[in-house]
Structures are given as C-alpha cells and as structure tokens.
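Colleague: Numbering (mature numbering (1 follows the signal peptide of the UniProt record, and there is no 0)), first residue to last: -25 to -1, 1 to 118.
Pasting in a structure now, in structure tokens, and then I'll have a few things to ask.
The following block contains the structure:
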C-alpha cells in the first residue's frame, strides 16, 4: 500500500511539474517568432504588414483580426502604441469597413512620412505613398 501511495504521489508531482512548466512557457512567451506563418488574407494590408514586420525582426501575432482592430489588440498584447509616426511602426486607421494598416518606411525631417502598403489604391496590389505631417498626424501607430 505504501508503494502504491508513493507511486501515485510521484505521478502527481510529475504531472503538476510538467503542466506548470508548459503553462509558464505559454504565458511568458514574449518572443513572437512562433507567429512565423502568416494567416492573414494574402495581398491584403494586414498580410503585407505582418510580413514586413517579420522581415525587420519586429514580429507581430496573427490574431489581431481586421486592420481596424489592430491598435486596440496591439495595446492589449503589450505593444507600445501612440500617435507619432516612427520608422518601422505600423500606421493604423479605422476608416472603412475593415480599416487599414501600412508600414512606415521613413519619417522625414519635415514630419512627412513614406509608407508602404498593400490593397490601398489598387486592389490586392503593393504601393507606396508619402503623407504630409498633417495627414500623418491623423493616424495611430503601433511600435
């Protein structure tokens, strides 16, 4: 009977130890490299920005949904967010049914910015634009 209790305790201890370590790793995973697979719809703005951020080693997760939700979901995920453009940041807009995101390539001395994006002026196509300082100030940014 003692042996059975001992084996039972050992089994419980191993189970708790394994479960606790897996749970801790899952909760404490701040390296988002596991999001290497892009599940966003191909050639949409979210798909492009996900890939672009991975290229510059600033990955983002797959689960932020449509572009209009990215700012809120980024904030909830612990990303820094704000209203000032910065190189490698994500420009975000809630305008339109799905919203829009773009990648900030450059912030110029005069405050204008160059962005790259997909699916803005042409359906499912790549493009770049330069936005004036005043226009850039109307958007939100994820850093």
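For each residue, glycine too, the CB sits at the ideal point set by N, CA and C.
With DSSP collapsed to three states, give me the class of residue 89.
Modeller: Within the chain shown, numbered from 1, the residue matching residue 89 stands at position 114. Strand.
Colleague: Closer than 6 Å by C-beta to residue 65: which residues in its own chain qualify, once you throw out the five before and the five after it? Chain order, please.
Modeller: Position 90 of the chain shown holds residue 65. Answer for residue 65: 24, 76, 117, listed in chain order.
Colleague: Reducing DSSP to helix, strand and coil, say where residue 77 ends up.
Modeller: Here residue 77 is taken as the residue at index 102 of the chain shown, counted from 1. Looking at residue 77 - three-state DSSP - the assignment turns out to be strand.
Colleague: Determine, using beta carbons only, whether residue 12 and residue 78 come nearer to each other than 8 Å.
Modeller: By 1-based counting over the chain shown, the position of residue 12 is 37. By 1-based counting over the chain shown, the position of residue 78 is 103. Not a contact, by the Cβ cut-off of 8 Å.
Colleague: Helix, strand or coil for residue 24 per DSSP?
Modeller: The residue you call residue 24 lines up with position 49 of the chain shown. It is helical.
Colleague: Let me know if residue 62 comes out buried or exposed under the rule of 16 or more other beta-carbons within 10 Å of its beta-carbon.
Modeller: Against the chain shown, residue 62 aligns to sequence position 87. So residue 62 counts as exposed.
Colleague: Going straight from the alpha carbon of residue 68 to that of residue 20, what length do you get?
Modeller: Along the chain shown, read from residue 1 onward, the residue named residue 68 stands at position 93. Along the chain shown, read from residue 1 onward, the residue named residue 20 stands at position 45. Distance between the alpha carbons of residue 68 and residue 20 is about 11 Å.
Colleague: Can you pull the DSSP bridge partners for residue 103?
Modeller: Walking along the chain shown from the start, residue 103 turns up at place 128. Per DSSP, 91.
Colleague: Excluding the five sequence neighbours on either side, which residues of its own chain have a C-beta within less than 7 Å of the C-beta of residue 113, listed in chain order?
Modeller: Within the chain shown, the letter at position 138 stands for residue 113. Counting only Cβ-Cβ distances below 7 Å, and skipping sequence neighbours, we find nothing.
Colleague: My assumption, with CB atoms under 8 Å, is that residue 87 sits in contact with residue 111. Please give the rounded CB distance.
Modeller: Within the chain shown, numbered from 1, the residue matching residue 87 stands at position 112. Within the chain shown, numbered from 1, the residue matching residue 111 stands at position 136. Residue 87 to residue 111, Cβ: 7 Å. Contact.
Colleague: Given residue 103, which residues of its chain have a CB within under 8 Å of its CB, disregarding the five upstream and five downstream residues?
Modeller: For the purposes of this step, residue 103 is taken as the residue at position 128 of the chain shown. A distance below 8 Å between beta-carbons, with the five flanking residues on each side excluded, links residue 103 to the following residues of its chain, in chain order: 80, 89, 90, 91, 92.
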